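Undergrad: Residue numbers (the working numbering), protein chains in the order written: chain V, 1 to 333; chain F, 334 to 666; chain Z, 667 to 993; chain H, 994 to 1320.
Backbone N, C-alpha and C fix where the C-beta goes; we use that ideal spot for every residue, glycine too.
Keep in mind the model is a prediction, meaning the values are calculated, not measured.
Right, I'll just put the structure down here and ask away after.
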Amino acid sequence: MVNQTYSLETDKDTLVNMYREMLLARRIDERMWLLNRSGNIPFVVSCQGQEVMQIAASFALNKEHDYILPYYRDVGIVLHFGMTTREIFLQAYAKAEDPNSGGRQMPGHFGQKKNKLVTGSSPVTTQVPHATGFALAAKMENKPSVAFVTMGEGSTNQGDFHEGINFAAVHKLPVIFMVENNKYAISVPYAKQVACENISDRAIGYGIKGIKVDGNDAFAVYGAVKEAHNRALNGEGPTLIEAVSYRLTPHSSDDDDSSYRSKDEVTSEKAKDGIEKFKNYLVDKGFLKDEDMEKLEAELKKEINDATEYAENAPYADASTLTNYVYGHKEEN
Amino acid sequence: MVNQTYSLETDKDTLVNMYREMLLARRIDERMWLLNRSGNIPFVVSCQGQEVMQIAASFALNKEHDYILPYYRDVGIVLHFGMTTREIFLQAYAKAEDPNSGGRQMPGHFGQKKNKLVTGSSPVTTQVPHATGFALAAKMENKPSVAFVTMGEGSTNQGDFHEGINFAAVHKLPVIFMVENNKYAISVPYAKQVACENISDRAIGYGIKGIKVDGNDAFAVYGAVKEAHNRALNGEGPTLIEAVSYRLTPHSSDDDDSSYRSKDEVTSEKAKDGIEKFKNYLVDKGFLKDEDMEKLEAELKKEINDATEYAENAPYADASTLTNYVYGHKEEN
Amino acid sequence: MAVLTYIQAVNQALHEEMEQNNKVFVLGEDVGPKGGVFLATEGLYDKFGESRVIDTPLAESAIAGVGIGAAMYGMRPVAEMQFADFIMPAVNQIISEAARIRYRSNNDWTCPITIRAPYGGGIHGALYHSQSIEAIFANQPGLKVVMPSNPYDVKGLLKSAIRDEDPVLFLEHKRAYRLLKEEVPEEDYTVPIGKADIKRTGDDVTVITYGLCVHFAKQAAEKLEEEGISTEIVDLRTVYPLDQETIIQAASKTGKVLLVTEDNKEGSIIGEVSAIISENCLFDLDAPVRRLAGPEVPAMPYAPPLEKEFMMNPDKIENAIRELAEF
Amino acid sequence: MAVLTYIQAVNQALHEEMEQNNKVFVLGEDVGPKGGVFLATEGLYDKFGESRVIDTPLAESAIAGVGIGAAMYGMRPVAEMQFADFIMPAVNQIISEAARIRYRSNNDWTCPITIRAPYGGGIHGALYHSQSIEAIFANQPGLKVVMPSNPYDVKGLLKSAIRDEDPVLFLEHKRAYRLLKEEVPEEDYTVPIGKADIKRTGDDVTVITYGLCVHFAKQAAEKLEEEGISTEIVDLRTVYPLDQETIIQAASKTGKVLLVTEDNKEGSIIGEVSAIISENCLFDLDAPVRRLAGPEVPAMPYAPPLEKEFMMNPDKIENAIRELAEF
Ligand SMILES: Cc1ncc(C[n+]2csc(CCOP(=O)(O)OP(=O)(O)O)c2C)c(N)n1
Ligand SMILES: Cc1ncc(C[n+]2csc(CCOP(=O)(O)OP(=O)(O)O)c2C)c(N)n1
Ligand SMILES: [Mg+2]
Ligand SMILES: [Mg+2]
């Protein structure tokens, strides 16, 4: 952790806020599963197991200037950058008020311009060259903006990963590529995806900095992203960060993970859950008391209840809007 | 150079044959330029500067078993694997008898099944996943075949490079990826293509062996390819080889390289020409005498003259053949 | 004969072809132990092992490209694109390579690959899990594009595709996977590629369509029968290259033609069907060739009212047939 | 007014747009010091410097994808594909991303990128430097596909493309680059995207075409004029989405329609044109809508007799018009 602008370890409020955001993301996700299993929403794709890296990374970025290109698991990231809990439920319910797409896209397809959250799609890894494009534009315009883009480790095998990072490397652009390595691409385990030990080693082939961190360790992730952010702002080019954790849920609500991994494996990985670890750290430091926890959980529950209720009752987009916004204003030359 | 099956340095006949093939490739290429400049053929894309690596690599491979996926500069490689000088001129003239495509493709688009030379196209790097496919098939069929594929260094920035090598790495397939780094992709110099020092470093990100060699040094190239070939046959998976030389001609007969590189640069690189270096080695060793050289040049000249004349007088495919071979036999079920 | 669903017919064809010919193998994302996200490859991994049932890295251009290499070698790869929407990164390999290998090598090399992909909407898949992608590939000589409508044809056509000497894009409607069932022979049979099929004969209006819309058209036709409107239904089955003969005959027969696709209209393959009819049947037509298709939006949205509005259904077809009949 | 070639018109439009708006920049292979392999970007590097005239790595998906990112940011990127044939690796970025960004974000994000690519044959470019690729993209709402036929339109349409709020694929016929010259105003003007243009009025036969074929059609029409056959020529200019109004009017006017493309016929964009006519003008037609196109082969071969056989030319068009006139 070099060039850190403030010491994360000692700033109690920041740490508690981080914890709050992690926990909020987790509780939102848990609620989604309940809603799915009870037949209220047709689909969930989960952030569980990746909240720590998402929040820790977000805290190392700049809300005012940076452009964020999240992927479908990044509930934590979009929350941090200003999407409200209500808005997250609106997209889960695909209601007209959903700021991401007005209910046009599946849940997890984030995008909200006012928060510099860049619209994403389903084909994985297309966002990687986009991030390079944002960084290129920011550099051309002399803006202090960094592009931050995430993807799963499976997605690092797409051509767009290679092409997008290489382009950024050649032009030394201010962009951070963070791989959320949760050890599976749906059913395909790490060893059948790649033969390299570390995804972060791919950085060498682009001539950029690569960093691997324990994604369950908030301090490690924060430090890596902060370092990358500084490098980006200093004109030192892109950084590839690999943050390792585990996908605690099935791939999505449509997946049955018992066909390809054992309960034991999942249980033993659950024990390493970074949120718990982070909480214990705060408790040890005396930053978080039992009563704080209770209050926090109650607060989050209320926020989530309210959001669920609001979203559940919100209207869908009217069928008549189907053909809106295919093109912008007509050419008028 | 490990596990070499025979010592290249002491086998006079092999060395002289290698020299003959290098020189033949060079002389063929020179003739092409003459024919182009005199208006006899519309297009040339050159091997000049890359003959040494092409021939040295070929000698480390197995003519009987291996599958070769060459790129457009590989006159040396296709010659070694059995394409005749006459056939090379037939493709330059795009005549019906051209075994590569019957004159359908531009010159330099090689392919000849009987010699296990796999048909190639113009979009660069598509051949990389194909090579992986050949290696996969050979492995499934338990054949002692290795797939050998080449490409320019610029082409290593295509997504297919990344995807094709990664696939081969995961499945530990018998394939050799050889990058012919001639320092330019048309007008774009190495430094604007990649930010890494060595293309061979990309191997690390795939968890495979990477080797960088001086492409003007036949022994170094031979050794690297031999090692890779052994690894492939031993089930140790793919190897990425980077052989560095220089593109001595403009990109093609349509290119004017004076707009992007200096005469001085070209001249100083010409001085490092590996063919000359190899010849001097043979002369020093006493393997090649002045009179051998004269005889050899005369032989090659005659071979090239005959081939040119034959190809020049050969007929084009008849216009009525235009629609042949779009599909094979009709489904007859 | 057992009753099979559309996806069971896919699965059975794969099992049988892999048993009969050890050059046949499958590759794709999650096709191994998981058996595919739709279970199209269920049981193959256990029966044929990991060397013939290959879970690939998440890289469609490699799935196609490696398959193409293996096909040139002499194997019979069956590559799966997890969703047709994700075939886009493989377009270069499919169009520039697979479709051109025979022609560019003057018949020296060939590329007998089958590429399977589930397409189509109506499953809450939103923009990127619902698309009709056939039009992108329906202008590429060298390639064949097959889109079966029912389990019987699925099994027979998939076998033909795997045995074909040329690359075949095999598009399966994912809404049909579990919706459609019928009796499918246990024995080996094939259905020819390149031949459309008359799924219903009739005299008043000819409906030409493919995929799930054949099912919708049948439902519409049954209802209209009660009203005394008699509908002929042509199932294109192979959408590229088209079976011109059957199209021309069926269009001429009734003189009133309705073309139906789930794709958005402009540039969809039914435009080509219309053009063929126009070239060949002008003076047999009693009404303009009518096209019924999705709206001109990039792809189908997720929210139920929007998805419903986009999707083709029996009612829309019924109304269009009736209008034509009354024309 | 100066006489400019087709490619000089491209170049001038780029110079002017980059001068007027510093959000405009170009990126592609060899577009920098070399000025592009066809010299479309000549002089830009010297005038605007390497930060706005970017030589990219050899990677089309990145060229498109990075451009798309920059466009979403608010820039006006003009991405060059060195040859249209090499756009294939970028299909995913263009179709899945550029074309869908506005729609999928419910109008929150937009993607005003222009992607230029030289297409077409007749330059000894063989299979992979001669293709017509428009059909691949002509089914994607959200995208516009522009294919100008003459220098005046090139300049005006390229400016419109760069200023457009949505992604535009701008296809330039490379045989036209130096073949076609005409007077082009030095001042700023635009030609609207989405509007076809009547390039010649006539009463007997309507030819609807685009790109280089407009030139060939004009030559044919001039000859036929001497025989007393009067030809109307519609230049589509924007091939997606099509200008239905102009097509319908021009087809109805003469009742005899010839559609011409350099692409192979099946699945080409003139199928859609035919379908539009069929839907709207059936009772105005005096002859079947005739299509004249390339043969059904994957792409144009290199050897001169084969290339010549494939290519469209004035004679083929002349004969087809005459046949229609005599119908
Ligand atoms: C181009 C493409 N191919 C296939 C898919 C289907 N798919 C969705 S998620 C996924 C696995 C992604 O794995 P990884 O990148 O590791 O991310 P994770 O889901 O594990 O977070 C696949 C194959 C897709 N969305 N896009
Ligand atoms: C996909 C694709 N894009 C662009 C081109 C045009 N092109 C032909 S060769 C070339 C440069 C290749 O450079 P490199 O890979 O270094 O090979 P070299 O020619 O230097 O041997 C380019 C851009 C192409 N053939 N294919
Ligand atoms: Mg993963
Ligand atoms: Mg090079």
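Can you check whether the C-beta of V283/V is within less than 9 Å of a C-beta belonging to chain F?
TA: As a first step, residue 283/V is located in the first sequence; it is residue number 283 there, counting from the start. No, V283/V lies away from the interface with chain F (no Cβ there is under 9 Å from its Cβ).
Undergrad: Under 6 Å from any heavy atom of ligand 6, by CB: list those residues in chain order, please.
TA: For the structure depicted, ligand 6 is absent and the ligand set comprises only ligand 1, ligand 2, ligand 3 and ligand 4.
Undergrad: Between the alpha carbons of D255/V and L705/Z, how many angstroms are there, rounded?
TA: Here residue 255/V is taken as the residue at index 255 of the first sequence, counted from 1. Here residue 705/Z is taken as the residue at index 39 of the third sequence, counted from 1. Taking the straight line from one Cα to the other gives about 11 Å.
Undergrad: Mapping the DSSP letters down to three states, classify V52/V as helix, strand or coil.
TA: Within the first sequence, the letter at position 52 stands for residue 52/V. In this structure, V52/V counts as helix in the three-state DSSP scheme.
Undergrad: For K605/F, tell me which candidate among S586/F, A551/F, D590/F has the shortest Cα-Cα distance.
TA: The sequence position of residue 605/F within the second sequence is 272, counting from 1. Closest by alpha carbon: A551/F.
Undergrad: With a cut-off of 8 Å, do at least 3 Cβ pairs link the stretch 902-918 of chain Z to the stretch 881-891 of chain Z?
TA: Touching, no.
Undergrad: Answer yes or no: does any C-beta atom of chain H fall closer than 9 Å to that of I442/F?
TA: By 1-based counting over the second sequence, the position of residue 442/F is 109. In the sequence as displayed, the identity of residue 442/F is His instead of Ile. So, interface residue.
Undergrad: For a contact defined as C-beta to C-beta under 8 Å, what are the partners of T323/V on chain Z?
TA: On the first sequence, residue 323/V is found 323 positions in, with the first residue counted as 1. The contacting residues are P961, E962, V963.
Undergrad: So N499/F contacts chain Z; which residues on that side make the cut at Cβ distance below 9 Å?
TA: As a position in the second sequence, residue 499/F is number 166, starting the count at 1. Within chain Z, the residues near N499/F are P723, A725, A728.
Undergrad: Within its chain, find whatever has a CB closer than 7 Å to the CB of K612/F; leave out the 5 residues flanking it on each side and keep chain order.
TA: Counting from 1 along the second sequence, the entry for residue 612/F is found at position 279. Answer for K612/F: Y352, L621, listed in chain order.
Undergrad: On the criterion of 16 or more Cβ atoms from any shown chain inside 10 Å, does P817/Z qualify as buried, or is it exposed?
TA: Stepping through the third sequence from its first residue, residue 817/Z is reached at position 151. Looking at its Cβ environment, which holds 16 or more other Cβ atoms inside 10 Å, P817/Z is buried.
Undergrad: Considering P462/F, what are the terminal residues of the alpha helix (DSSP H) in which it resides?
TA: Here the question's residue 462/F lines up with position 129 in the second sequence. Element bounds for P462/F: 460-473.
Undergrad: So what's T5/V in DSSP terms, helix, strand or just coil?
TA: As a position in the first sequence, residue 5/V is number 5, starting the count at 1. Since pLDDT at T5/V reaches only 46, below the 50 mark, its modelled position is unreliable, and no value is offered.
Undergrad: What's the C-alpha gap between P970/Z and G111/V?
TA: As a working note, residue 970/Z is residue 304 in the third sequence. As a working note, residue 111/V is residue 111 in the first sequence. C-alpha separation (whole angstroms): 21 Å.
Undergrad: Once you ignore the five residues that flank G1135/H on each side, which residues in its own chain have a CB closer than 6 Å to its CB?
TA: Locating residue 1135/H in the fourth sequence gives position 142, where the first residue counts as 1. Contacts found: A1092, R1093, Y1096.
Undergrad: Apart from the five residues just before and just after K172/V, which ones in its own chain have a Cβ nearer than 6 Å to its Cβ?
TA: Locating residue 172/V in the first sequence gives position 172, where the first residue counts as 1. Hits under 6 Å: G237.
Undergrad: Skipping 5 residues on each side, what residues in its chain have a beta carbon closer than 7 Å to that of A557/F?
TA: Here residue 557/F corresponds to residue number 224 of the second sequence, with the count starting at 1. Counting only Cβ-Cβ distances below 7 Å, and skipping sequence neighbours, we find I544, V546, I574.
Undergrad: I'd like to know whether the C-beta of V757/Z is nearer than 9 Å to at least one C-beta of chain H.
TA: Along the third sequence, one-based indexing puts residue 757/Z at 91. Yes, contact with chain H.
Undergrad: Which of the three DSSP states, helix, strand or coil, is assigned to M511/F?
TA: Here residue 511/F is taken as the residue at index 178 of the second sequence, counted from 1. Looking at M511/F - three-state DSSP - the assignment turns out to be strand.
Undergrad: Would you mind telling me which residues of chain B sit closer than 8 Å to P42/V, beta carbon to beta carbon, in chain order?
TA: Annotation note: the requested chain B is absent from the structure, which comprises protein chains V, F, Z and H.
Undergrad: Report buried or exposed for Y1121/H, applying the criterion of at least 16 other Cβ atoms within 10 angstroms of its Cβ.
TA: Locating residue 1121/H in the fourth sequence gives position 128, counting from the first residue. Result: buried.
Undergrad: Determine the extent of the beta strand (DSSP E) in which T1198/H is found, giving its start and end residues.
TA: For the purposes of this step, residue 1198/H is taken as the residue at position 205 of the fourth sequence. The identity of residue 1198/H in the sequence shown is Val, whereas the question assumes Thr. First-last of the beta strand (DSSP E) with V1198/H: 1198-1202.
Undergrad: Taking the alpha carbon of F392/F as the point to measure from, which residue in Y405/F, G409/F, T417/F has its own alpha carbon closest?
TA: Position 59 of the second sequence, counted from the start, is the residue given in the question as residue 392/F. Of Y405/F, G409/F, T417/F, the residue nearest in Cα terms is G409/F.
Undergrad: Should R580/F be listed as close to ligand 4, given that the test is whether its C-beta is under 8 Å from any heavy atom?
TA: The residue given as residue 580/F occupies position 247 in the second sequence. The answer is yes for R580/F.
Undergrad: On the three-pair Cβ rule with 8 Å, is the stretch 670-686 of chain Z touching the stretch 457-477 of chain F?
TA: Touching, no.
Undergrad: Is there at least one Cβ from chain Z nearer than 9 Å to Y1233/H's Cβ?
TA: Residue numbering aside, residue 1233/H sits at position 240 when the fourth sequence is read from its first letter. By this cut-off, Y1233/H is an interface position.
Undergrad: Going by other Cβ atoms of all chains shown within 10 Å of its Cβ, with 16 needed for buried, is S717/Z buried or exposed?
TA: In the third sequence, counting from the first residue as 1, residue 717/Z sits at position 51. Result: exposed.
Undergrad: Leaving out five residues before and five after K1249/H in sequence, what residues of the same chain have Cβ atoms less than 6 Å from its Cβ?
TA: Looking up residue 1249/H in the fourth sequence gives position 256. Answer for K1249/H: V1198, D1279, A1280, L1317, listed in chain order.
Undergrad: Thinking A679/Z and L824/Z are a contact (beta carbons under 8 Å), I'd like their distance in whole angstroms, please.
TA: In the third sequence, residue 679/Z corresponds to position 13, counting from 1. In the third sequence, residue 824/Z corresponds to position 158, counting from 1. Right, the Cβ-Cβ distance comes to about 4 Å (below 8 Å), so this counts as a contact.
Undergrad: Between D1101/H and chain V, is any beta-carbon pair separated by less than 9 Å?
TA: What you label residue 1101/H is simply residue 108 of the fourth sequence in a count that begins at 1. Yes, D1101/H lies at the interface with chain V (some Cβ there is under 9 Å from its Cβ).
Undergrad: Using a Cβ-based criterion (distance less than 8 Å to any ligand heavy atom), does E513/F qualify as near ligand 4?
TA: Along the second sequence, read from residue 1 onward, the residue named residue 513/F stands at position 180. Indeed, a heavy atom of ligand 4 lies less than 8 Å from the Cβ.
Undergrad: Given a threshold of 16 other Cβ atoms within 10 Å of its Cβ, counted over all protein chains shown, does D819/Z qualify as buried or as exposed?
TA: Position 153 of the third sequence, counted from the start, is the residue given in the question as residue 819/Z. With 16 or more Cβ atoms within 10 Å of its Cβ, D819/Z is classed as buried.
Undergrad: Between L996/Z and ligand 1, is the CB less than 8 Å from at least one heavy atom?
TA: In this structure chain Z extends from 667 to 993, so residue 996/Z is not present and cannot be described.
Undergrad: For T10/V, count neighbouring Cβ atoms within 10 angstroms of its own Cβ and tell me buried if that reaches 16, exposed if not.
TA: On the first sequence, residue 10/V is found 10 positions in, with the first residue counted as 1. Counting Cβ neighbours within 10 Å, T10/V comes out exposed, since fewer than 16 surround it.
Undergrad: I need the straight-line Cα distance from N230/V to D712/Z, nearest angstrom please.
TA: To locate residue 230/V, count along the first sequence from 1; it is residue 230. To locate residue 712/Z, count along the third sequence from 1; it is residue 46. Their Cα atoms are separated by approximately 51 Å.
Undergrad: Would G102/V pass as an interface residue toward chain H - the criterion being a Cβ-Cβ separation below 9 Å?
TA: If you number the first sequence from 1, residue 102/V lands on position 102. With 9 Å as the cut-off, G102/V counts as an interface residue toward chain H.
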